[in-house]
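In what follows, a single structure is set out as structure tokens and then discussed.
Protein chains: 2
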Amino acid sequence: MRDLAERVNLRASSLYSHIRRKEEILQKICAEQDRRFTEAMDEVEHMECKPVEKVRILLSLHIRTALEDPTSVTVFSDEWKHLEEPYLQKFSERRRIYEQRFLNIIEEGIKGGAFKPLDANIILYTLLTAIRWLHHKQQTQPALSGEKQEQQIIELLMGGLENNLPKEGGER
Amino acid sequence: MRDLAERVNLRASSLYSHIRRKEEILQKICAEQDRRFTEAMDEVEHMECKPVEKVRILLSLHIRTALEDPTSVTVFSDEWKHLEEPYLQKFSERRRIYEQRFLNIIEEGIKGGAFKPLDANIILYTLLTAIRWLHHKQQTQPALSGEKQEQQIIELLMGGLENNLPKEGGER
DNA sequence: CCTACCGATCGGTAGG
DNA sequence: CCTACCGATCGGTAGG
Numbered sequence: 001m002r003d004l005a006e007r008v009n010l011r012a013s014s015l016y017s018h019i020r021r022k023e024e025i026l027q028k029i030c031a032e033q034d035r036r037f038t039e040a041m042d043e044v045e046h047m048e049c050k051p052v053e054k055v056r057i058l059l060s061l062h063i064r065t066a067l068e069d070p071t072s073v074t075v076f077s078d079e080w081k082h083l084e085e086p087y088l089q090k091f092s093e094r095r096r097i098y099e100q101r102f103l104n105i106i107e108e109g110i111k112g113g114a115f116k117p118l119d120a121n122i123i124l125y126t127l128l129t130a131i132r133w134l135h136h137k138q139q140t141q142p143a144l145s146g147e148k149q150e151q152q153i154i155e156l157l158m159g160g161l162e163n164n165l166p167k168e169g170g171e172r
Numbered sequence: 173m174r175d176l177a178e179r180v181n182l183r184a185s186s187l188y189s190h191i192r193r194k195e196e197i198l199q200k201i202c203a204e205q206d207r208r209f210t211e212a213m214d215e216v217e218h219m220e221c222k223p224v225e226k227v228r229i230l231l232s233l234h235i236r237t238a239l240e241d242p243t244s245v246t247v248f249s250d251e252w253k254h255l256e257e258p259y260l261q262k263f264s265e266r267r268r269i270y271e272q273r274f275l276n277i278i279e280e281g282i283k284g285g286a287f288k289p290l291d292a293n294i295i296l297y298t299l300l301t302a303i304r305w306l307h308h309k310q311q312t313q314p315a316l317s318g319e320k321q322e323q324q325i326i327e328l329l330m331g332g333l334e335n336n337l338p339k340e341g342g343e344r
């Protein structure tokens, strides 16, 4: 709180005119990011497109959010575990629901033969975790634009996810 | 330190018969993991095999380490940033060297046409970060064996990395 | 390895 | 929004 106060040219105690407790800051950031991703998931679920396109849209959102708001994403990704009860439980549950909805899309893609027949949980966590470096690497100014970075990460991840085999044939 | 002491049935002050400072624990774990990965890199560099095989071996090591020693990997992956100077600088430099050696292998694969022509830094960080969920998800007992998990993650990641286009031809 | 501490720091409050 | 604090906790030491 002392560090935070210094950044806004106040005394630490003065922060408490704006917030009630330190925990409140953590809660607000987590809740806001949760809302952001949940709303996107609502939209994606109602879209009439293939699983491959839905995953692509969700990945794109995660990547763009990490590039645009790295601080909030750091809190949402790494610091949420410091939430106090009962918020920790509530947040974990909301996270679980989001992941389950994402899993459903992945399962749909596997059943339809668009995705490789891998374990959906492994796919989900690998995809979501694969971009966790973005919000940390903001200090070194990027050689590539955010758009290029997004494009390349998606190509790398979707390339591994999509099934290259012919629909009804054997191997090779 | 109080929590740690409780886990080994001691008083916090008694820990200081075994270590000099709290920081020492962090340093030792970071140094040990650094040595482990550096030694593996030494071996891999001297192997006579293609880049695709080298990346596969390194990924396999990272995955197996995360499964076998999740606590150390958590420290090495997430907690190293709390090292004090001058250890923080030293460690960052050793990390940078390891990453550079990994980058060289990736660049070699791109030049040889085995890997997609993406930015090598993006590939490196995406691959290394993609498995960061493994050491956190140890509580839920796994539906899949460690071997199966390793195999599937590697298939997912290498599938996106490898170039599927014919060597000299156009697209499709 | 324990008891008995200590100085520093932390989140937070009282009162203006 | 500030000054002046407070109780709790932290890493660590003295001395046995």
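Chains A and U are the protein sequences, given in the same order.
Mapping of the first sequence onto this note's numbering: residues 1 to 172, in sequence order.
Mapping of the second sequence onto this note's numbering: residues 173 to 344, in sequence order.
Every residue gets a Cβ at the ideal spot worked out from N, C-alpha and C, and that includes glycine.
Original post:
The alpha helix (DSSP H) spanning residue 121 of chain A covers which residue range?
Top reply: As a working mapping, residue 121 of chain A is identified with position 121 in the first sequence. Segment 120 to 130, the alpha helix (DSSP H) holding residue 121 of chain A.
**OP:** Give the residues of chain A in contact with residue 336 of chain U, contact being defined as C-beta atoms less than 7 Å apart.
**Re:** For the purposes of this step, residue 336 of chain U is taken as the residue at position 164 of the second sequence. Per Cβ cutoff of 7 Å: 164.
**OP:** Can you give me the Cβ contacts of residue 296 of chain U inside the same chain, cut-off strictly under 8 Å, excluding the 5 residues immediately before and after it?
**Re:** Along the second sequence, read from residue 1 onward, the residue named residue 296 of chain U stands at position 124. Hits under 8 Å: 271, 274, 275 and 278.
Original post:
Does the beta carbon of residue 129 of chain A come closer than 8 Å to any beta carbon on chain U?
Top reply: Taking the first residue of the first sequence as 1, we reach residue 129 of chain A at position 129. By this cut-off, residue 129 of chain A is an interface position.
Original post:
Using 8 Å as the limit for Cβ to Cβ distance, is residue 383 of chain U near chain A?
Top reply: The structure shown does not extend to residue 383 of chain U, since chain U spans only 173 to 344, so no value can be given for it.
Subject >> Minimum C-alpha distance to residue 282 of chain U - residue among U:247, U:223 and U:236 >> reply: The count along the second sequence starts at 1 and reaches residue 282 of chain U at position 110. Ranking U:247, U:223 and U:236 by CA distance to the CA of residue 282 of chain U puts U:223 first.
Original post:
Comparing alpha-carbon positions, which option in A:56, A:34 and A:45 lies nearest residue 93 of chain A?
Top reply: The count along the first sequence starts at 1 and reaches residue 93 of chain A at position 93. Minimum Cα distance to residue 93 of chain A is reached at A:34.
Original post:
How many Å lie between residue 329 of chain U and residue 3 of chain A at the Cα?
Top reply: For this step, residue 329 of chain U is matched to residue 157 along the second sequence. For this step, residue 3 of chain A is matched to residue 3 along the first sequence. Approximately 40 Å, taken between the alpha carbons.
Original post:
Are the CB atoms of residue 203 of chain U and residue 230 of chain U nearer to each other than 8 Å?
Top reply: Locating residue 203 of chain U in the second sequence gives position 31, counting from the first residue. Locating residue 230 of chain U in the second sequence gives position 58, counting from the first residue. Going by C-beta atoms, residue 203 of chain U is not nearer than 8 Å to residue 230 of chain U.
Subject >> Buried or exposed by the 16-neighbour rule on C-beta atoms within 10 Å, applied to residue 301 of chain U >> reply: On the second sequence, residue 301 of chain U is found 129 positions in, with the first residue counted as 1. By the neighbour-count rule (16 or more Cβ atoms within 10 Å), residue 301 of chain U is buried.
Original post:
How many Å lie between residue 333 of chain U and residue 248 of chain U at the Cα?
Top reply: The count along the second sequence starts at 1 and reaches residue 333 of chain U at position 161. The count along the second sequence starts at 1 and reaches residue 248 of chain U at position 76. Rounded to the nearest angstrom, the gap between the Cα atoms of residue 333 of chain U and residue 248 of chain U is 25 Å.
**OP:** Spell out whether any CB of chain A is found under 8 Å from the CB atom of residue 291 of chain U.
**Re:** Looking up residue 291 of chain U in the second sequence gives position 119. With 8 Å as the cut-off, residue 291 of chain U counts as an interface residue toward chain A.
Original post:
Taking C-alpha atoms, which residue in U:252, U:227 and U:178 lies nearest to residue 331 of chain U?
Top reply: Along the second sequence, one-based indexing puts residue 331 of chain U at 159. Of the candidates U:252, U:227 and U:178, the one whose C-alpha sits nearest the C-alpha of residue 331 of chain U is U:227.
**OP:** Quick one: grab the DSSP three-state call for residue 225 of chain U.
**Re:** The count along the second sequence starts at 1 and reaches residue 225 of chain U at position 53. Helix.
**OP:** For residue 325 of chain U, return the contacting residues in chain A, with the cut-off set at a CB-CB distance below 8 Å.
**Re:** Here residue 325 of chain U refers to the residue found at position 153 of the second sequence. Here the neighbours are 122 and 126.
Original post:
Rounded C-beta distance between residue 322 of chain U and residue 269 of chain U? I'm assuming under 8 Å.
Top reply: Here residue 322 of chain U refers to the residue found at position 150 when the second sequence is read from its first residue. Here residue 269 of chain U refers to the residue found at position 97 when the second sequence is read from its first residue. The pair is not a contact, with the Cβ atoms about 26 Å apart (cut-off 8 Å).
Original post:
Of the choices A:134, A:10 and A:16, whose alpha-carbon is the least far from that of residue 78 of chain A?
Top reply: Position 78 of the first sequence, counted from the first residue, corresponds to residue 78 of chain A. Closest option to residue 78 of chain A, Cα to Cα, is A:134.
Subject >> Assigned secondary structure, residue 48 of chain A (DSSP; H/G/I helix, E/B strand, else coil) >> reply: Indexing the first sequence from 1 puts residue 48 of chain A at position 48. Looking at residue 48 of chain A - three-state DSSP - the assignment turns out to be coil, as it is neither helix nor strand.
**OP:** Report yes if the C-beta distance between residue 114 of chain A and residue 163 of chain A is below 8 Å; otherwise report no.
**Re:** Stepping through the first sequence from its first residue, residue 114 of chain A is reached at position 114. Stepping through the first sequence from its first residue, residue 163 of chain A is reached at position 163. It is a contact, given that the beta carbons lie within the stated cut-off.
**OP:** Pick out whichever of U:320, U:293 and U:243 has its Cα sitting closest to the Cα of residue 197 of chain U.
**Re:** Translated into the one-based positions of the second sequence, residue 197 of chain U becomes position 25. Of the candidates U:320, U:293 and U:243, the one whose C-alpha sits nearest the C-alpha of residue 197 of chain U is U:243.
Original post:
In its own chain, which residues sit with a C-beta less than 6 Å from the C-beta of residue 61 of chain A, not counting the 5 before and 5 after it?
Top reply: Here residue 61 of chain A is taken as the residue at index 61 of the first sequence, counted from 1. So the qualifying residues of the chain are 40.
**OP:** Could you tell me which chain A residues have their CB closer than 9 Å to the CB of residue 333 of chain U, listed as they occur along the chain?
**Re:** For this step, residue 333 of chain U is matched to residue 161 along the second sequence. In chain order: 156, 159 and 160.
**OP:** Kindly provide the ranges of any beta strand (DSSP E) runs that are 3 or more residues long and lie completely inside the region 36 to 111 of chain A, ordered along the chain.
**Re:** none
Subject >> Alpha-carbon spacing of residue 318 of chain U relative to residue 239 of chain U, whole angstroms >> reply: Here residue 318 of chain U refers to the residue found at position 146 of the second sequence. Here residue 239 of chain U refers to the residue found at position 67 of the second sequence. Rounded to the nearest angstrom, the two C-alpha atoms are 7 Å apart.
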